[in-house]
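Notes follow the structure.
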Amino acid sequence: MTDNNQMDILFQEAQKIAEMAYAPYSMFRVGAALLCEDGKIITGVNVENRSFGLTVCAERNAICTAIALGYRRFTALAVSTPDSEKPTGPCGACRQVLSEFMASGSPVRFAGKGQDTVNTSIGELYPYDSLHELMH
Ligand code: THU
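Quick note: the sequence shown, position 101, residue 384 per our numbering, numbers continuous.
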């Protein structure tokens, strides 16, 4: 079970890594932090490209790093968008990819630079998931 303290730490890691984002086109930096089952935190940032469609979001970069390190299940996610006042949640593509590796009840926290913080779950962000029908 992920407690509030763990979510605070996870969000701090997302905030820290957001500084490393490569976002010269949108000027919108994103940092993502995934919590692994053994307590390890794996982070990612958005990496943009002059061919805009090649941009990869922070959440999917974190997932790809984690998979390459041998992690397959994540118990929580935090996303920091320091260039927006309001919280900005993961995009639709990232919601689908995240749901491949996270249980629907897994907590998700996201916030911008303002006071508002959203605390939700993968299942709320991506309901009626088909994965359980497809996995064997
Ligand atoms: N972005 C993310 O990194 N994650 C999301 O879930 C939404 C969007 C990035 C992509 C692009 O570099 C910038 O934010 C503006 O859309």
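We treat Cβ as the ideally placed atom computed from N, Cα and C, and that holds for glycine.
Predicted model only: the values in this text are computed from it and were never measured.
Distances taken from the Cβ of T338 to the heavy atoms of the ligand THU include one shorter than 7 angstroms.
Per DSSP, the beta-bridge partners of I324 are L318. Boundaries of the beta strand (DSSP E) harbouring A394: 390-394, taken from the DSSP string. Annotation: L417 to E383 spans about 11 angstroms, alpha carbon to alpha carbon. At a threshold of 7 angstroms, P373 counts as near the ligand THU, since its beta carbon sits closer than that to one of the ligand's heavy atoms. Per DSSP, reduced to three states, the secondary structure at A301 is helical. Looking only at N402, A345, S363, D412, the smallest Cα-Cα distance to K396 is reached by S363. The DSSP-derived three-state label of F311 is coil.
When secondary structure is reduced to three states using DSSP, S387 falls in the coil class, being assigned neither helix nor strand. Proximity of the beta carbon of E368 to the ligand THU is not indicated: no heavy atom of the ligand is located closer than 7 angstroms.
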